[in-house]
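Under the numbering used here, the sequence shown has 375 at position 372, and the numbering climbs by one with no breaks.
Input: a single structure, listed below in C-alpha cells.
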Amino acid sequence: MNRRLILKFENLVQLRGACRQLCTPSYRKVNRAQWKPVQSSAHPVWSVLCPQFWQKDKLISIALSQRRHLATKEETKKKRKKIPLTKGEVEIRQKMTVEELAQAMGKDIDHIYEALLYTDVDVASLERDSILHEGHIKLVVKKSGMKYKSAKLKEEKERENTDAVKRPPADPAVLTPRPPVVTILGHVDHGKTTLLDSLRKTQVAAMEAGGITQHIGAFLVHLPSGEKITFLDTPGHAAFSAMRARGTHVTDIVILVVAAEDGVMQQTVESIQHAKKAGVPLILAINKCDKPEADPERVKKELLAHDVVCEEFGGDVQAVNISALKGENLMVLAEATVALAEMLELKADATGLVEGTVIESRKDKGKGPVTTAIIQRGTLRKGCVLVAGKSWAKVRFMFDENGKAVDAASPGIPVEIMGWKEVPSAGDEILEVESEQRAHEVVAWRTYVEQQERMKKDVEVIEAKQKEHRMEYEKKQQKLAHLTWRQRKAVLYKANKHLMFSKPKERTEMDKNVLLLVVKGDVDGSVEAILNILDSYDADDECKLDVIHFGMGDISETDISLAEAFNGVVFGFSVKANESIKQLAAKKGIKIKLHNIIYQLIEDLKDELNSRLPPSVVENTIGEASVLDIFSVTVGKNKVPVAGCRVHKGLLDKKMKFKLIRNRDVIWKGSLSSLKHHKDDVQVIKTGMDCGLSLDKYIEFNIGDEIICYEEKEVEQTTSWDPGF
C-alpha cells in the first residue's frame, strides 16, 4: 500500500518537473521544431514494458498536445500579420477589379467601397469583379495611408510581320497591252446605264430598281473594231459617293456623262473631284442631245467653272454629243476612248502572282461569298489562293459579266470569283499567295494589326470620356463646395434617387427616344452606302440613332433575335425575308422594312425617327380679356383677389387653361377657381361681356393685366436631320 502511494507521488513530481521544463523560454526556443504528433495508440510500446509509467506518459502526452495547439495558434497569428505588403506599398496595375485591389492591399472589400465614397464612382453599381479606373485605384490607396507602385508589365516579343505585299515593278520587256478600264460617272438619271446598255446591246437599266443604278457593275465590251474596253458603271445617287470614289481608284479613263437639258448637277461636280483626285483623264459625253431643250454649249461653259476645259476652248478634254437612248454617236465616243487609251500606252504583266482589286462583294445563296474583281497583274486561274483584307479564297469558279464560266482572267478583265471563306470588303486589294498556310498567316497578321489599332482607339476614347466625366464631376463638386459633406451626400442622393432604385432594364426604357437598327444589304457597297448616310445623322438631341448590327444577305432569324433584344427595327436593302421570318417578326412585334430604292429607304427611316419623337405642345388662344377693376371677397377666413374683366376677343371657357400676362411676362398659368357674370356662376363668357374671376392660386391683380384663355394641342414633330438628298 505504501509502495503504491510512493509510486503515485513520484509520478506527480516527475509530471510537475516536465511541465515546468515546457514553460521555460529556452526550452521552447531549442525544441520548438522537435514537436511531433503523439502516437495514436492509447498504450505506447514502452508503456507495455513499464506499466508503472503509463499514467505518467499519458499526462505528459496531454501536456505536449496542449503545447502543440498553442504553437500552431501563434504561428497562424504570425502568418496573418504577413499579409499586408511591407513598407505599406501596394503593387497596382491597369484594369484591376475591386476584389483584386482588396487582395493587393490586404484589406476587405468593404474598405475599398468606403474609400470609393470619396470619388465620383457610383458605389451602388459596383460588384466584386467591377473594373476600376487607374486614377480611382491610386486614390483608394492614398486614402488608406499607403503608397502605390506600378506593376512591371511583361514585355511582349515583337511579332514578326507576315503580311503579303505587292511584287516589285515588272521588267518593261515582259509587259503586254491590256484593255483600258473606263469608269462612267455622272449625276443620277443622266443616262449612264443607258449608255452602257447601248454599247453592250443589253437591257441593264430595265433590271435596276426605279431605273437607278445602285451597285457598281463591271462589264467587258467588245467593239466592232475588235478592241476591248472594261467599263465600270457606278451609281450616280448621292448615297453612293464611296462607290464612285472606288471606281476612279482602279480606272484608267473617266467618261463624264452630263444630260444636255439639265447641265452640271451636284454629283457631276463630285465626279469631277473624284477623277482629279485619282489623276485620271476625262472624256465628256453630253447625253440626251436628241431632246428639243438640249443645250450642249451651256454644259461646256458650266464645266469651265470646275476646271474641265473642252478642246474647242483650248483644253485637253474631248467632248462628244450623244444620245444613249437612240444610239447616236456611240462609235465616236468609243473611238475617242480607244484613242486616249493608246496615248496612255496601257500595259501590264500577265505573269507571276495575281494582283487585283475587289470592285463589289456579296453573299449568294447558292455560291456563298462572291466578289467582282478586276485583275491588274498576273493571270487568275482556278486553284489560285488569294488574300483580300482579312479574308482568303481558293478559287473554285470564275464567271464573266454574263454568268458564263471562264478558266482564266488576264489583266484589265473583270471577273466574278467564287471560293472566299468570308466576304471581303469592296475596295480591298487582292494578292495571290503561295499556299493556304501562307494565306492563314497573312489573315492572322492583319487581324492582329487591326486589333492593336482598335485597342489604341478604344484607349483614346476611354481617356477622353474619363476626362469629360472628371470635368463634370469637378464642376459638380465646385457647385456643392459651400455645403458640408452630409449636405453634399443628401443632394447627390436626391439627384440620383430615381436611378438607384430602378433596374437596368427600366433605366434603358426611361430613354424612349432611341432608334436602334439592324441593317442588311445585298452587297457590301450597298451596306457601306447606308452606313455612310447614317454617319451623317446629327439630331441625337431629338432621337438617338444607332446601328446594332449590319451585314449582307437576306433577313435571318438572328437579325430578328437581335432586334428583339434591343427593341430595334430591321431595314433591308435589295434583300428578302421569307414567310417564316416574317411570321416570327410579327409574333415578336419586330418591324421589317424592305426597300429596293435607296431614297425610299431613307424616307422610311425618317418616318420611323418621327414616330419616336415626343409630340410638341402648341397653345391655341381661345379668348382674351383685360382686367378693368380689382376687388376682393372673403371666403371663410381667407381673402380671395377677384378681377373684374371684359372679354375683347374670343371667349373665356372655365374648363380651359388660363394664364395671366403682365407687361408681356407670364405671371401665372393654371385654371380658374370661379367665373361669374352678374353674381351667377357661368361656364362661358363671350366677347363684349363683363365677368368676375378668381384664380386657383393667390395672385394679386393689377389693372391692365391680360387674361388669356387657351387650349393645348399635341403636334407631331419631324426630325431636323437632312441626309442631303
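For each residue, glycine too, the CB sits at the ideal point set by N, CA and C.
Taking contact to mean 3 or more Cβ pairs, one atom from each stretch, closer than 8 Å, check whether the stretch 310-329 and the stretch 346-364 are in contact.
no
I need the DSSP call for Trp724, collapsed to helix, strand or coil.
Walking along the sequence shown from the start, residue 724 turns up at place 721. DSSP places Trp724 in coil when its eight states are reduced to three.
Where does Gln454 sit, in a helix, a strand or coil, going by DSSP?
Locating residue 454 in the sequence shown gives position 451, counting from the first residue. DSSP places Gln454 in helix when its eight states are reduced to three.
Using three-state DSSP, classify Glu137 as helix, strand or coil.
One-based indexing of the sequence shown puts residue 137 at position 134. Of the three classes helix, strand and coil, the one that applies to Glu137 here is helix, per DSSP.
So, for Phe634: in the same chain, excluding its five sequence neighbours on each side, which residues have a beta-carbon less than 6 Å away from its beta-carbon?
What you label residue 634 is simply residue 631 of the sequence shown in a count that begins at 1. Answer for Phe634: Val645, listed in chain order.
Compute the distance between the beta-carbons of Pro182 and Ile563, then report whether it is under 9 Å.
Here residue 182 refers to the residue found at position 179 when the sequence shown is read from its first residue. Here residue 563 refers to the residue found at position 560 when the sequence shown is read from its first residue. Against a cut-off of 9 Å, the Cβ pair of Ile563 and Pro182 comes out as no contact.
Note down the Cα distance separating Ala342 from Gly266, rounded to an integer number of angstroms.
Taking the first residue of the sequence shown as 1, we reach residue 342 at position 339. Taking the first residue of the sequence shown as 1, we reach residue 266 at position 263. The straight-line gap from Cα to Cα measures roughly 26 Å.
Name the one or two DSSP bridge partners that Asp668 has.
The residue you call residue 668 lines up with position 665 of the sequence shown. Answer by DSSP bridge pairing, in chain order: Arg665.
For the candidate residues Ile593, Val272, Ser326, Val311, whose alpha-carbon lies nearest to that of Pro295?
Residue mapping note: residue 295 aligns to position 292 of the sequence shown, counting from 1. Per the Cα distances, Ser326.
For Leu735, I'd like the list of residues in its chain whose CB is within less than 6 Å of its CB, leaving aside the five on either flank, ordered along the chain.
Residue coverage of the chain in this structure runs from 4 to 728, which leaves residue 735 outside it and unanswerable.
Beta-carbon within less than 8 Å of Asp656's beta-carbon, same chain only, minus the 5 sequence neighbours each way: which residues are those?
For the purposes of this step, residue 656 is taken as the residue at position 653 of the sequence shown. Correct list, in chain order: Ile625, Gly626, Gln686, Val687, Cys712.
Give me, in chain order, the residues of the same chain whose beta-carbon lies closer than 6 Å to that of Thr254; leave out the 5 immediate sequence neighbours on both sides.
In the sequence shown, the residue the question calls residue 254 occupies position 251. Cβ neighbours of Thr254 within its own chain (closer than 6 Å, five residues either side excluded): Val184, Thr186, Val283.
If I'm right that Ile595 touches Ile558 with Cβ under 8 Å, what's the distance once you round it to whole angstroms?
Position 592 of the sequence shown holds residue 595. Position 555 of the sequence shown holds residue 558. About 6 Å; that satisfies the 8 Å criterion.
Between which two residues does the alpha helix (DSSP H) carrying Asn738 extend?
Outside the modelled stretch of the chain, which goes from 4 to 728, sits residue 738, for which no answer is possible.
Continuous beta strand (DSSP E) stretch holding Leu434: start and end
Working through the sequence shown from its first residue, we reach residue 434 at position 431. Here the beta strand (DSSP E) through Leu434 covers 432-436.
For Ala447 and Val357, the rounded distance between their alpha carbons:
What you label residue 357 is simply residue 354 of the sequence shown in a count that begins at 1. What you label residue 447 is simply residue 444 of the sequence shown in a count that begins at 1. Using only the alpha carbons, I get a separation of about 21 Å.
Between the alpha carbons of Ser614 and Asn705, how many angstroms are there, rounded?
Translated into positions along the sequence shown, residue 614 becomes position 611. Translated into positions along the sequence shown, residue 705 becomes position 702. About 45 Å.
Rounded to the nearest angstrom, how far is the Cβ of Val418 from that of Ala376, given a contact under 8 Å?
Taking the sequence shown and counting its residues from 1, one reaches residue 418 at position 415. Taking the sequence shown and counting its residues from 1, one reaches residue 376 at position 373. 6 Å between Cβ atoms; contact.
Among Leu383, Met421, Lys397, Met346, which has the Cα closest to the Cα of Gly369?
Numbered from 1 along the sequence shown, position 366 holds the residue referred to as residue 369. The option with the nearest alpha carbon to Gly369 is Met421.
Within the present structure, is the beta-carbon of Ile601 separated from the nearest heavy atom of the ligand NAD by less than 8 Å?
Ligands are entirely absent from the displayed structure, and the ligand NAD is therefore not among its contents.
If you draw a straight line from the C-alpha of Ala221 to the C-alpha of Arg380, how long is it?
Counting from 1 along the sequence shown, the entry for residue 221 is found at position 218. Counting from 1 along the sequence shown, the entry for residue 380 is found at position 377. Looking at the two C-alpha atoms, the distance is approximately 17 Å.
Just the Cα atoms here: how many angstroms apart are Ala297 and Ala391?
Stepping through the sequence shown from its first residue, residue 297 is reached at position 294. Stepping through the sequence shown from its first residue, residue 391 is reached at position 388. C-alpha separation (whole angstroms): 45 Å.
Quick one: grab the DSSP three-state call for Ile686.
Walking along the sequence shown from the start, residue 686 turns up at place 683. The residue asked about is misnamed: residue 686 is Gln in this sequence, not Ile. It is coil, neither helix nor strand.
Got a sec? Which residues, its chain only, sit under 7 Å from Thr205 by beta carbon, not counting five neighbours each side?
For this step, residue 205 is matched to residue 202 along the sequence shown. With a pLDDT of 43 at Thr205, under the threshold of 50, the modelled position of this residue cannot be trusted; read the value that follows with caution. None.
His3 bridges to which residues according to DSSP?
What the structure shows of the chain is the stretch from 4 to 728, and residue 3 is not part of that stretch, so it cannot be assessed.
Contact check, Ala411 vs Glu531, beta carbons under 9 Å
Position 408 of the sequence shown, counting from 1, holds the residue named residue 411. Position 528 of the sequence shown, counting from 1, holds the residue named residue 531. Contact: no.
Taking 9 Å as the cut-off, decide whether the C-beta atoms of Leu597 and Lys579 are in contact.
Your numbering for residue 597 matches position 594 in the sequence shown. Your numbering for residue 579 matches position 576 in the sequence shown. Yes, Cβ-Cβ distance for Leu597 and Lys579 is below 9 Å.
State the CB to CB distance for the pair Tyr151 and Ile95, rounded to an integer number of angstroms; the pair is presumed to be in contact (CB under 8 Å).
On the sequence shown, residue 151 is found 148 positions in, with the first residue counted as 1. On the sequence shown, residue 95 is found 92 positions in, with the first residue counted as 1. That pair is a contact at about 5 Å.
Pair within 9 Å by beta-carbon distance, Ser438 and Trp724
Locating residue 438 in the sequence shown gives position 435, where the first residue counts as 1. Locating residue 724 in the sequence shown gives position 721, where the first residue counts as 1. No. Outside cutoff.
Within a Cβ cutoff of 6 Å, which residues of the same chain sit near Glu159, ignoring the five residues on either side of it in sequence?
To locate residue 159, count along the sequence shown from 1; it is residue 156. Confidence at Glu159 is low in this model, with a pLDDT of 49, below 50, so its placement is unreliable and the value that follows should be read with caution. Same-chain partners within the cutoff: there are none.
Can you give me the C-alpha to C-alpha distance between Asp303 and Ala288, rounded to a whole angstrom?
Here residue 303 refers to the residue found at position 300 of the sequence shown. Here residue 288 refers to the residue found at position 285 of the sequence shown. Checking the displayed sequence, the identity of residue 303 turns out to be Lys instead of Asp. Between Lys303 and Ala288, the C-alpha separation is close to 10 Å.
Please classify His193: is it buried, with 16 or more other beta-carbons within 10 angstroms of its beta-carbon, or exposed?
Working through the sequence shown from its first residue, we reach residue 193 at position 190. Flag for His193 reads buried.
Would you identify the three-state DSSP class for Lys642, choosing helix, strand or coil?
As a first step, residue 642 is located in the sequence shown; it is residue number 639 there, counting from the start. DSSP places Lys642 in strand when its eight states are reduced to three.
Within this structure, are the beta carbons of Val257 and Leu285 separated by less than 9 Å?
Mapped onto the sequence shown, residue 257 falls at position 254. Mapped onto the sequence shown, residue 285 falls at position 282. Contact flag set, yes.
Starting from the C-beta of Val409, find all residues in its chain whose C-beta is less than 8 Å away, skip the five residues before and the five after it, and write them out in chain order.
Within the sequence shown, the letter at position 406 stands for residue 409. Same-chain partners within the cutoff: Met401, Phe402, Asp403, Val418.
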